[in-house]
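Same order as they appear, the protein sequences are chains P and F.
Take the first sequence: its letters are residues 0 to 717, numbered as in numbering that gives the first Met the number 0.
Take the second sequence: its letters are residues 0 to 77, numbered as in numbering that gives the first Met the number 0.
Even for Gly, the Cβ is constructed at its ideal location relative to N, Cα and C.
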Amino acid sequence: MSTTIALAGNPNSGKTTLFNALTGARQHVGNYPGVTVERKEGSYVENGQTFKLIDLPGMYSLTAYSLEEVVARDFLVQERPAAIVNIIDASNLERNLYLTVQFMELGVPVCIALNMIDAAQKRGIEINGAKLSELMGVPVVPTVARSGQGKSELMQATGQLIMAGKKMPPLVISYGEDVDLALQEMEQEIVTGFSNCAYPPRWLALKILENDEQILDFCQKENPELYNRLEAIKARLARHISSTLDTCPEAVIADHRYGYIKAILKQGVISHNQDQDRLFISDRIDQVVTNRFAGPLIMLAVIMGLYHFTFTYSELPVAWLEGLFGWLSGVAEAGLPDGLLKSLIIAGVIDGAGGVLGFAPIIMFMFFGIAILEDSGYLARVAFMLDRVFRSFGLHGASVMPFIVSGGIAGGCAVPGVMATRTLKSPRERLATLLTAPFMNCGAKLPVFALLVGAFFAQNEARVMLIITLIAWCGALLSAKLLRSTVIRGESTPFVMELPPYRLPTFRGLLIHTWERTWQYVKKAGTIILAISILLWALMTFPGLPETRQEAFEQQRETVTAAAAEDMEEQLLRIDAQEAEAALRHSIAGQIGTAMESVTSLAGFDWRTNIALVGGFAAKEVVVSTLGTAYSLGEVDPEETGSLAATLAKDPNWNPVVAFALIVFTIFYAPCFVTVVCIAREAGSWKWGAFSIVFNTAIAFGLAVLVYQIGSRGIFGA
Amino acid sequence: MLKLSMRQMKENQRGVIAAVRAGGELGKRIRDMGLVPGTEIKIQGRAPLYDPVAIRLMGFTLTLRNNEADYIDVTVED
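The structure is reproduced here in structure tokens:
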């Protein structure tokens with residue numbers, strides 16, 4: 000039987016570093032039921048006793064607004080850990096204790112880890128831990144999580160705290176006469192009206208005065224009558240405070256809580272032996288890095304660097320994986336008899352698994368790169384510098400990273416891009432970023448553009464590619480604005496954000512972070528992706544040509560073989576390609592494509608383009624190879640499109656306007672299903688995955704029709 | 000002594016929080032970070048586009064948007 004201990008503290012207090020130092024590799028990441036917040040669990044053994052450690056999300060107070068805060072508080076109240084190890088940034092004692100005091104008001108035993116004590120000393124801050132412990136009535140242990148210093152003392156102190164088994168009575172702070180009286184009255188109501196309530200009565204009353212929506216809902220549901228009485232007391236207090244002090248109960252409560260902390264710190268707990276206004280190294284770095292002129296330039300360089308790191312360095316492992324799966328396909332090709340099973344294994348299973356794992360190195364490098372930026376503190380500066388721009392579109396300064404990774408610099412990938420939104424803590428801004436990042440031009444769309452630009456805009460190649468990038472950015476930002484004023488409407492989340500001092504990330508932390516996330520992708524998203532890839536294979540394969548038509552092709556082959564002309568090989572290949580075209584047209588995907596022709600002709604797309612676009616749902620570059628099959632060219636390598644480009648350029652159905660409409664459609668239409676799976680996972684609901692398919696395709700079609708209709712009138716109508 | 004809104008403060012100017020007039024989530028976030036009456040602050044700088052603003056208090060740096068700083072009154076030396 001192990002004892003559960005919660006690790007809690009402010010963001011940037013070194014909580015995760017301490018968690019890693021304590022648990023090492025003995026940790027497990029999951030999700031809290033029904034939400035996308037990560038739940039990290041690990042174990043620690045001290046003196047033969049095993050502790051189960053839970054790394055709670057970082058928070059500044061216990062009044063829950065964000066999902067992270069709700070999850071953390073629910074855990075503390077409902078699962079009642081034996082103790083909280085409260086990690087505190089020693090350089091930032093006053094603000095960090097604000098949360099500690101609230102833990103104590105909840106009545107859970109607390110042990111304080113005075114973390115980064117070395118950095119505090121360097122800043123000339125001396126903390127008398129014994130004094131703090133005495134005044135607060137909780138154990139205080141100085142630690143340096145990065146080196147593991149103090150970790151076993153910390154766990155010993157926590158172990159003793161639990162062993163002593165002392166009931167920790169909830170801390171009672173005076174909030175001034177008015178509030179105290181109201182609290183007393185409410186407490187009595189709660190004790191009589193709520194006999195078996197999980198929350199301590201005074202704490203519950205306090206949260207009601209603080210307007211904690213979750214607690215208010217809870218009361219209203221459990222006992223509406225009591226709720227009304229409590230609300231009446233609150234309203235009376237609010238009126239009184241508003242008339243006498245011109246403020247609200249929440250403000251009075253926060254003032255007194257900080258007052259309580261200030262009073263403790265004044266009693267010789269903390270002494271500064273340096274000028275508090277001295278500029279530390281971190282501030283000096285910021286003078287350059289967030290400078291009006293140098294800042295944006297440095298940021299541009301860092302973003303380009305991240306992009307380069309993610310996509311260039313992952314090329315080698317991606318190539319290894321491609322090689323491995325190519326080899327597997329080869330083995331299957333040689334070892335299996337021709338037929339459906341072979342096709343299923345090669346085109347469905349092996350290509351599907353290759354598709355899943357092919358993204359893994361990119362995701363790994365992306366998370367590693369972003370973790371460096373995040374842990375070092377630079378990402379907060381990026382958000383700070385870019386917030387003004389992105390806020391205009393209902394997004395957040397930190398939205399830039401997902402956009403860039405998704406292909407804001409042409410050639411990214413929306414799969415890691417969508418996952419990069421995890422750094423965004425504002426829920427609405429995050430969702431809007433998540434849904435619009437796939438508009439960026441990922442590496443898989445580039446072969447499609449290259450084909451069409453090469454065939455129809457060969458003279459202006461560079462200019463057209465630039466226009467394509469601009470269209471993607473404008474489209475993404477404007478549709479973010481559209482989403483934020485319709486389906487994800489709502490006030491922007493407050494930007495109140497800490498700019499943490501620059502710190503060197505720990506290598507171990509980076510590795511654990513990267514590995515966990517990549518593994519989660521392979522395990523959770525991977526299985527779904529594999530299933531869908533088999534489904535798509537079926538769509539493009541079944542029902543297969545009817546026997547009579549197969550026989551017709553077979554007969555043609557026999558005729559050619561019998562004639563044994565010089566170009567027999569070539570003729571046979573041509574027949575194969577024609578059969579592939581016929582089979583594709585006859586497949587479910589082909590039938591969909593043909594049926595859609597009457598609608599898509601508005602944008603100038605014929606059935607061939609339609610099938611190719613259906614295929615593009617598997618991966619955008621498949622558009623090219625499917626077009627090749629549809630034009631009876633056999634398998635077309637997306638990198639080698641010369642013959643296909645020539646075919647399109649000669650085809651009477653095609654002209655620059657159609658090509659441009661298709662380019663626009665490709666930028667915007669449904670993300671590939673791997674991205675859709677990731678969107679659904681990140682947003683926590685399949686609803687958003689489905690939404691992205693429908694919404695994006697609708698926008699894409701609207702724009703493509705616009706381009707085609709205006710374009711064809713402009714060129715041919717005049 | 001002069002009372003003004005935080006948005007009107009200049010870079011490197013110091014002041015003491017007089018009142019936070021925001022409620023709801025914004026009010027909570029502001030107060031959680033220690034921006035309560037009596038706290039001394041200094042304007043550390045502004046983003047390249049003059050918004051958000053970075054302020055220094057209690058030994059750490061905090062950023063908020065100008066339209067959020069509007070809710071915070073500060074007393075400054077003349």
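Boundaries of the alpha helix (DSSP H) in which residue i is found, first to last residue
i      : result
F:E10  : Element bounds for F:E10: n/a, residue is neither H nor E.
P:V399 : V399 to F402
F:G44  : Segment E39 to R45 is the beta strand (DSSP E) holding F:G44; no alpha helix (DSSP H) there.
F:A53  : No alpha helix (DSSP H) contains F:A53, which is instead part of the beta strand (DSSP E) from V52 to L56.
P:K150 : K150 to A163
P:Y43  : First-last for P:Y43: E37 to E45, but that is the beta strand (DSSP E), not the alpha helix (DSSP H).
P:I269 : Where P:I269 is concerned, there is no enclosing alpha helix (DSSP H), although the beta strand (DSSP E) it sits in stretches over I269 to H271.
P:K265 : P248 to K265
P:V704 : W685 to S711
P:A475 : E460 to S484
F:G23  : G23 to D31
Residues that residue i bridges to, as DSSP identifies them
i      : result
P:G442 : Beta-bridge pairing links P:G442 to no other residue.
P:A7   : P:N85
P:P141 : P:L113
P:T628 : Paired residues: none, contrary to the question.
P:K718 : Nothing in the structure corresponds to residue 718 of chain P, since chain P is present only between 0 and 717.
P:I124 : P:H271
P:E497 : F:L61
F:A18  : F:D72
P:G411 : P:C441
Beta carbon of residue i nearer than 8 Å to that of residue j
i      : j      : result
P:A81  : P:I161 : yes
P:N440 : P:G406 : yes
P:K220 : P:I214 : no
P:R38  : P:G47  : no
P:D211 : P:T62  : yes
P:E373 : P:T422 : yes
P:A718 : P:A602 : For residue 718 of chain P there is no data in the structure shown, the boundaries of chain P being 0 and 717.
P:V706 : P:V663 : yes
P:L170 : P:V107 : no
P:M384 : P:T492 : no
P:N85  : P:F102 : yes
P:L131 : P:V268 : yes
P:N114 : P:G13  : yes
Residue i versus residue j: straight-line alpha-carbon distance, rounded
i      : j      : result
F:R29  : P:A5   : Contrary to the premise, residue 29 of chain F reads as Ile rather than Arg in this sequence. Going from the Cα of F:I29 to the Cα of P:A5 covers about 26 Å.
P:V447 : P:E620 : 6 Å
P:V355 : P:E568 : 36 Å
P:A717 : P:A413 : Note that P:A717 scores a pLDDT of 41, beneath 50, so its modelled location is shaky; the value from the coordinates is reported in the next line. Their backbone Cα atoms lie some 41 Å apart in a straight line.
P:L534 : P:A563 : 40 Å
F:P51  : F:M32  : 16 Å
P:L451 : P:G322 : 29 Å
P:I284 : P:Y501 : 8 Å
P:W685 : P:S691 : 10 Å
P:A156 : F:I71  : 41 Å
P:A71  : P:G701 : 44 Å
F:R64  : P:L647 : 52 Å
P:N272 : P:G123 : 5 Å
P:T608 : P:Y630 : 10 Å
P:G368 : P:S375 : 11 Å
P:T198 : P:V76  : Residue identity check: residue 198 of chain P is Tyr in the sequence provided, not Thr. If I take the Cα positions, the gap works out to 7 Å.
Range of the contiguous beta strand (DSSP E) that encloses residue i
i      : result
P:N30  : Q26 to N30
F:F59  : F59 to L63
P:Y377 : First-last for P:Y377: Y377 to R390, but that is the alpha helix (DSSP H), not the beta strand (DSSP E).
F:S4   : L1 to S4
F:I71  : I71 to V75
Among the options, nearest to residue i - alpha-carbon criterion
i      : options                           : result
P:V139 : P:I126, P:K522 and P:I53          : P:I126
P:V190 : P:E176, P:G175, P:Q159 and P:N222 : P:N222
P:V251 : F:R45, F:K2, F:M0 and F:K27       : F:K27
P:A611 : P:C671, P:D575 and P:E565         : P:C671
P:V404 : P:F389, P:F552 and P:L433         : P:L433
P:A454 : P:N290, P:D650 and P:S65          : P:D650
P:W536 : P:L236, P:T142 and P:D350         : P:D350
P:W326 : P:I345, P:L17 and P:A524          : P:I345
P:W202 : P:E188, P:S600 and P:E104         : P:E104
Heavy atom of the ligand FAD within 7 Å of residue i beta-carbon
i      : result
P:R607 : Looking at this structure, you won't find the ligand FAD or any other ligand, since it has none at all.
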